[in-house]
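Let me begin by presenting the structure, written as structure tokens, before commenting on it.
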Amino acid sequence: MGLERPHGELAVLEDFLGCVFPDGDENACMTLGRAHDLQADRLHEPLTDGDGHVRALTATSRGEGITAFTQAFSHPVGAGNNLRDATTGIRVAGLGLHAGAQLVLAHKGLTLYYYGLAAAALASGGTMAAPAVQRVFRIAIDRMTNTAANAVLT
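If you read the sequence shown in numbering that gives the first Met the number 0, its first letter stands for residue 0, the second for the next number, and so on.
As structure tokens, this is what we get:
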């Protein structure tokens with residue numbers, strides 16, 4: 000379930016994202032999600048401080064330039080509101096990465112469950128054979144199950 004792109008495009012995508020794309024690794028998805036959450040938290044403080052500075056400036060200063068600045072800064076599509084919207088988008092992206100990590104983990108668990116069911120079905124089918132065949136069959140099933148579990152968990 001990897002991200003497969005033509006030669007060179009994955010490197011461009013990773014340069015655009017600024018990080019290596021997590022390929023079926025729930026820990027990497029959680030790390031990326033935490034990075035987005037921290038970025039949204041870091042943006043919140045300067046925005047709050049900026050609002051305080053703007054209020055202090057506009058309360059003590061007069062003039063056409065100050066009025067224009069106040070109108071531009073408080074405009075619904077002004078810089079301050081756009082940055083607040085950006086923090087919301089960053090937080091949503093972080094939550095999406097957290098949810099994606101949980102989906103990857105659930106998929107791995109479900110895959111292991113199905114491997115277990117297949118091993119149980121094979122083991123129950125092998126109970127009709129002679130004891131020596133059963134033993135060889137059981138060893139083969141154990142090896143296949145361990146190999147499959149290691150492939151899923153790594």
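C-beta atoms are modelled at their ideal positions from N, C-alpha and C, and glycine is treated no differently.
Inset, instruction - Could you check which residue in A78, P130, T69 and A148 has the C-alpha nearest to that of T163? - result: For the chain, the structure presents residues 0 to 153; residue 163 sits outside this window and is missing.
Inset, instruction - Rounded to whole angstroms, what's the CA-CA distance from T160 to E44? Just pull it up for me. - result: Residue 160 lies beyond the range of the chain shown here (0 to 153); nothing can be said about it.
Legend entry - Where the alpha helix (DSSP H) through R137 begins and ends: Here residue 137 corresponds to residue number 138 of the sequence shown, with the count starting at 1. Residues P130 to L152.
Inset, instruction - Give the secondary structure of D24 by DSSP, where H, G and I count as helix, E and B as strand, and everything else as coil. - result: Within the sequence shown, numbered from 1, the residue matching residue 24 stands at position 25. The answer is coil: DSSP assigns D24 none of H, G, I, E or B.
Legend entry - CA-to-CA distance, T59 to A71, given in whole angstroms: The residue given as residue 71 occupies position 72 in the sequence shown. The residue given as residue 59 occupies position 60 in the sequence shown. When rounded, the distance between both Cα atoms is 18 Å.
Inset, instruction - Measure the CB-CB distance between Q101 and E25 and report whether it falls below 9 Å. - result: Within the sequence shown, the letter at position 102 stands for residue 101. Within the sequence shown, the letter at position 26 stands for residue 25. Contact flag set, yes.
Legend entry - Where E8 sits in the DSSP three-state scheme: Counting from 1 along the sequence shown, the entry for residue 8 is found at position 9. Looking at E8 - three-state DSSP - the assignment turns out to be helix.
Inset, instruction - Kindly indicate which residue of A118, G23 and V11 has the alpha-carbon position closest to the one of T153. - result: Stepping through the sequence shown from its first residue, residue 153 is reached at position 154. Nearest C-alpha to T153 among A118, G23 and V11: G23.
Legend entry - Secondary structure of R61, DSSP reduced to three states: Counted from its first residue, the sequence shown places residue 61 at position 62. Coil.
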